[in-house]
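All remarks here apply to the structure that follows.
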Amino acid sequence: MLRYLARKAAIYILTFFVAVTIDWAIPRFMPGDPVEGLLSRMHAQPGAEQALSGYYSQAFGFDVPLWQQYLNFWAALFHGDLGVSITNFPTPISELIMSALPYTLALLVPAILLSFWAGNKVGALAARRKVLDNTVLPASYVLTATPQMWLGIVLAWLFASTWAIFPVSGAYALDIQPAWSLEFVLSFLYHWILPFSALFLVAFGGWAIGMRNLIIYELESDYSNYLAALGAPSKLVRKYAYRNALLPQVTGLALALGAVVAGAIVVEIVFSYPGLGTLTLSAIQNRDYFLIQGIFLFLITGVLIANFVIDIAYVVIDPRTRIGMQGS
Amino acid sequence: MSVSEPPQPGVAVAGETVAGPASGAAAVSEPGATVAPHVHSEFLHFALRNWKFVAGATIVLACLLVALVGPLLTDNAPLAFTGPTDQPPSSEYWFGTTSYGQDVYSQFVYGLRAAFVVGSLGGGIAWVLGAGVGFTAGYRGGWIDDVLNMLTNVVLVIPTLAILIIVAAYLQVQSYWAEAVIIGLTSWPWAARAVRSQTFSLKTREFVDLARLSGRSTRQILTTELAPNMSSYLLMMFILLFGGAILIGASLDFLGLGPSESISLGLMMNNAFLASALLLGSWWWFLPPGLGIVALVGGLYVMNVGLDEVFNPKLRET
Numbered sequence: 094m095l096r097y098l099a100r101k102a103a104i105y106i107l108t109f110f111v112a113v114t115i116d117w118a119i120p121r122f123m124p125g126d127p128v129e130g131l132l133s134r135m136h137a138q139p140g141a142e143q144a145l146s147g148y149y150s151q152a153f154g155f156d157v158p159l160w161q162q163y164l165n166f167w168a169a170l171f172h173g174d175l176g177v178s179i180t181n182f183p184t185p186i187s188e189l190i191m192s193a194l195p196y197t198l199a200l201l202v203p204a205i206l207l208s209f210w211a212g213n214k215v216g217a218l219a220a221r222r223k224v225l226d227n228t229v230l231p232a233s234y235v236l237t238a239t240p241q242m243w244l245g246i247v248l249a250w251l252f253a254s255t256w257a258i259f260p261v262s263g264a265y266a267l268d269i270q271p272a273w274s275l276e277f278v279l280s281f282l283y284h285w286i287l288p289f290s291a292l293f294l295v296a297f298g299g300w301a302i303g304m305r306n307l308i309i310y311e312l313e314s315d316y317s318n319y320l321a322a323l324g325a326p327s328k329l330v331r332k333y334a335y336r337n338a339l340l341p342q343v344t345g346l347a348l349a350l351g352a353v354v355a356g357a358i359v360v361e362i363v364f365s366y367p368g369l370g371t372l373t374l375s376a377i378q379n380r381d382y383f384l385i386q387g388i389f390l391f392l393i394t395g396v397l398i399a400n401f402v403i404d405i406a407y408v409v410i411d412p413r414t415r416i417g418m419q420g421s
Numbered sequence: 007m008s009v010s011e012p013p014q015p016g017v018a019v020a021g022e023t024v025a026g027p028a029s030g031a032a033a034v035s036e037p038g039a040t041v042a043p044h045v046h047s048e049f050l051h052f053a054l055r056n057w058k059f060v061a062g063a064t065i066v067l068a069c070l071l072v073a074l075v076g077p078l079l080t081d082n083a084p085l086a087f088t089g090p091t092d093q094p095p096s097s098e099y100w101f102g103t104t105s106y107g108q109d110v111y112s113q114f115v116y117g118l119r120a121a122f123v124v125g126s127l128g129g130g131i132a133w134v135l136g137a138g139v140g141f142t143a144g145y146r147g148g149w150i151d152d153v154l155n156m157l158t159n160v161v162l163v164i165p166t167l168a169i170l171i172i173v174a175a176y177l178q179v180q181s182y183w184a185e186a187v188i189i190g191l192t193s194w195p196w197a198a199r200a201v202r203s204q205t206f207s208l209k210t211r212e213f214v215d216l217a218r219l220s221g222r223s224t225r226q227i228l229t230t231e232l233a234p235n236m237s238s239y240l241l242m243m244f245i246l247l248f249g250g251a252i253l254i255g256a257s258l259d260f261l262g263l264g265p266s267e268s269i270s271l272g273l274m275m276n277n278a279f280l281a282s283a284l285l286l287g288s289w290w291w292f293l294p295p296g297l298g299i300v301a302l303v304g305g306l307y308v309m310n311v312g313l314d315e316v317f318n319p320k321l322r323e324t
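Which chain is which? The protein sequence lines are A and B, in order.
For the first sequence, our numbering puts the final residue at 421, and the numbers step up evenly by one.
For the second sequence, our numbering puts the final residue at 324, and the numbers step up evenly by one.
Structure representation (C-alpha cells):
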C-alpha cells in the first residue's frame, strides 16, 4: 500500500516539477521578446512604459544566465513569492490568489462531491429501471455535451434576469461584509445556488452515464450470475455490482478534475463570482502575466493534491491495493 | 466539463473492461479480401438499425451541412457591422443582430465551421498522439513503456485549460488553427492510456504470436494485426476527442483567448456576455452558439454510444 502511494506521489512531484518548468519556460522561449510583447499589448502611457520595462526585465531576471534564472525562479517559489500584480499594483499575487481561493473551493468541492454521489446513485437506478433509463440517459447526454458557461448563462438568464428568483452576479449582497454571520451565510448561499447548479448539472450527466453502463457490465459478469444462481437476493447482487462499478468511477473522478476546474473558471466569470476564474479573466484582459502564471501554478498544485487524496480514497475502497496487489 | 478527460467514462471504460471489439471480432479480422465486404455490410446492417447511431449521426451531419452550406446563404461577413443594432430575429436577419449590428446568423454558421476545424484538427492531433504513444508503450513494454507511461501520467494530471491559458496568453498570433494545435497537443493522454491497455491485452493473443513467429515486422504487426482489432475502438476514441476539443476550445474562446480575427461559437458567447446581452435579454445572441455546441457534441456522444452497441454484440438491445 505504501509502495502504491509512494509511486503515485513520485508522479505528482514530477508533474509539479514539469509544471513549474513550463511556467518558467513559456514566457522565455515563446517567439519574440516577452517584455516588448507585454508592453506593446498593454497600451501604457509613454512615461510608464520605461518604468514597466525596467520592472519586467528585473522581474524576469534577464541579467543572469539562463540556468541561474531557473534556479532563482524556484527559490522565489519556495518563498511563496509569485511576483507582484500589475493591475492591483503592488499587491503580491499570492495574496490575490488567497483571497479568491475560498470562493472557488466553495463552488468546486460541493459540485464535485455532490454530482459524483448523485450521478452514481441515479445512474445505478437507471441501469435497472427502463423508465428511468429512457429519461435520465438522454438528459445526461445533453448535459455532458453542454459547455458549463453556456448553462450558466441560460440559468442566469432564466432564473435571475427573466424571473428574478436568484441574484445575477456576485457571491454575496453588496451591502454586507464577509463575516461568519448568519446574514452573510444566507446571502452567500443565495448567490451560490446558480453557479453551483451549472457545475453540478454538467458533471452529474457524466457520472450518471458512466455508472449506468458500468452497472450493466457488472450485472452481466460471472460473479453476478453465480451469486444469482446461488439464490442470492437481487438486492445483494446489485450491491456488489455497485461496489465494483464504483472503482472505475473513482479513477474517473481523478481524470475529470481538470475539466471541473476549467468549468468552475468559466462559470465564475458568468456570475462575476469573486474566485480564481474571475481573477483569471481580469488577468487576461489586463495582460497581467505574472498573475496568470501564478494562477496556473496554483491550479496545478490544487489538482495534484486532489489527485493524491483520491488515490488515498482508492486504497480505502479497494482492498486489493492494501494487501500489496497493485491496483489498476 | 466534460470531455477531454472522459467523464463520459461509459465508452472509455467500456472498451477497457470488456476488451471491447477484440473478443468478438478477433476471428474475423485476419486480413483477407473475401472477408472485408462481409464485415462491412454486417456493420451497416446493425448500424442502420441502431436508433442511437442513426439519431446521433443525423444531428452531426446536419451540423456539418449547416457549417458547409450556411455561410453561402449570407452576404454579411460575421464580424462586419452591417445592420441595425440589437434586433430580434426577422426575415432579413434570421438570427437577429448583436449590439454592434453584426449578423448573428452569419456568426453562427461561420462559428460552426470553426468548431469543425478545431474538433477535427485538435481531435485528430490528439488521436494520432494518443494512438501512437499507446501502441508503442503497450507493444514495446519495458523501459519505453515506463518512460511513455510517465509522460502520459504527467500530461494527464495537468489541467488542460490551465496550460492552454498560459500558452495562449503568451502566444502572439491567435487563430483557431493555433488553438486546435495546442488543444491536440494537450488532450491525448487518456486516449494513450486506453490504447496502451488494449494493446497489452491483444499482444499476448495467439494470432499475434503467430504473426511474430512468421517473421512479420513490428510495423506490419501493428498495422495488420493489432490496429484492425482495435479499429472500432480507435474510431470511437476519435469521436470523443473531437467532441472534447470543441468543448475545450469553447471555454478558451470564452476566456478571450480565442481567435482575434475571426469568429467562433465560444467567442460569440464571450461577446454576448461582455456586451451584457444577458441583462438586455438578447436571447437570440447567446442561445444559438450554445445550442450549436450542445447539438454537435451531444450528437457525437449519442452516435458514439450507438457505435459501441453496434461493435459490441453484448450491448445490443434485443
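Just so you know, even glycine gets a beta-carbon here, dropped at the ideal spot from N, CA and C.
Kindly indicate which residue of the options has the alpha-carbon position closest to the one of residue i.
i	options	result
I358/A	L350/A, A264/A, R413/A and T371/A	T371/A
M275/B	G245/A, I309/A and F166/A	G245/A
L240/B	L170/B, T210/B, G76/B and A137/B	A137/B
V360/A	Y283/A, G324/A, L145/A and G263/A	G263/A
A175/B	V354/A, Y97/A, Q162/A and L374/A	L374/A
Y105/A	N277/B, G140/B and M156/B	M156/B
F141/B	L273/B, M236/B and A301/B	M236/B
A266/A	T228/A, Y316/A and L279/A	L279/A
G298/B	I189/B, F49/B, A256/B and W149/B	A256/B
L70/B	Q226/B, V123/B and L263/B	V123/B
R336/A	L323/A, L350/A and S317/A	S317/A
A352/A	A251/B, T230/B and S268/B	A251/B
L285/B	A253/A, F209/A, L98/A and Q161/A	A253/A
P412/A	L340/A, D381/A and Y163/A	L340/A
Please work out which residues of its chain come closer than 8 Å, Cβ to Cβ, to residue i, disregarding the five sequence neighbours upstream and downstream, and give them in chain order.
i	result
T91/B	T103, T104, S105, Y106 and G107
L230/A	A219, A301, I302 and R305
A98/B	Rather than Ala, the amino acid found at residue 98/B in this sequence is Glu. These residues qualify, in order along the chain: G89.
E22/B	For E22/B, the predicted model reports a pLDDT of 37, less than 50, meaning its position is unreliable; a value from the coordinates is still stated below. Correct list, in chain order: A200, S203 and Q204.
L162/B	E11, P195, W196 and R199
L232/B	F141, Y145, T205, L208, K209 and V214
A232/A	G298
Just confirm the distance between the C-beta atoms of residue i and residue j, as a whole number of angstroms; I'd bet it's less than 8 Å.
i	j	result
E185/B	P265/B	7 Å
G176/A	G387/A	7 Å
L397/A	F109/A	6 Å
L118/B	A73/B	4 Å
G249/B	G125/B	7 Å
G76/B	V115/B	3 Å
I115/A	I169/B	7 Å
A121/B	S270/B	7 Å
When burial is assigned at 16 or more other CB atoms within 10 Å of the CB, is residue i buried or exposed?
i	result
F317/B	buried
T192/B	buried
W289/B	buried
P260/A	buried
D268/A	exposed
T40/B	Per-residue confidence for T40/B stands at a pLDDT of 44, beneath the threshold of 50, marking its modelled position as unreliable; the derived number appears in the next sentence. Its Cβ having fewer than 16 others within 10 Å, T40/B is exposed.
M431/A	The structure shown has nothing for residue 431/A, since chain A only spans 94 to 421.
P111/B	At residue 111/B the sequence reads Tyr, which differs from the Pro that was named. Buried, since its Cβ has 16 or more Cβ neighbours within 10 Å.
I393/A	buried
I171/B	buried
To which residues of the same chain is residue i closer than 6 Å at the C-beta, ignoring the five residues directly before and after it?
i	result
G212/A	F297, W300 and A301
G305/B	G62, I65 and V66
P95/B	F101, G102 and W290
I309/A	A220
F364/A	S262 and P288
Tell me which residues share the same chain as residue i and place their Cβ nearer than 7 Å to its Cβ, disregarding the 5 neighbours each side in the sequence.
i	result
P367/A	A193, Y196 and A264
L95/A	none
Please check if any C-beta of chain D sits within less than 7 Å of the C-beta of residue i.
i	result
G351/A	The structure shown has no chain D; the protein chains it does contain are A and B.
Positions along the region 221-246 of chain A whose CB lies within less than 7 Å of some CB in chain B: Y234, V235, T237, A238, T239, P240, Q241, M242, W243 and I246
Would you list, in chain order, the members of the region 371-399 of chain A that have their beta-carbon closer than 7 Å to a beta-carbon of chain B? T373, L374, I377, Q378, Y382, I385, Q386, F389, L392, I393, V396 and L397
Which of the residues in the region 50-69 of chain B, read from start to end, lie with their CB under 8 Å from any CB of chain A? none
If contact means a Cβ-Cβ distance below 9 Å, which residues of the region 247-271 of chain A contact chain B? V247, A249, W250, A253, S254, T255 and V261
Going along the chain, which residues of the region 280-305 of chain B sit with their C-beta nearer than 7 Å to a C-beta in chain A? L284, L285, G287, W289, F292, G296, I299, V300, V303 and G304
Taking only beta carbons into account, state which residues of the region 160-172 of chain B come closer than 8 Å to chain A, listed in chain order. V160, L162, V163, I164, P165, T166, L167, A168, I169, I171 and I172
Quick one: which residues of the region 122-145 of chain B get their C-beta closer than 9 Å to a C-beta of chain A? List them in chain order. none
At a CB distance below 7 Å, what residues from the region 254-278 of chain B approach chain A? Give them in sequence order. A256, S257, F260, L261, G262, L263 and M275
What residues in the region 188-203 of chain B bring their beta carbon closer than 8 Å to a beta carbon of chain A? Under the 8 Å Cβ criterion, the region 188-203 of chain B contributes W196.
Scan the region 109-120 of chain A for residues whose Cβ lies nearer than 8 Å to a Cβ of chain B and list them as they occur along the chain. V111, A112, I115, D116, I119 and P120
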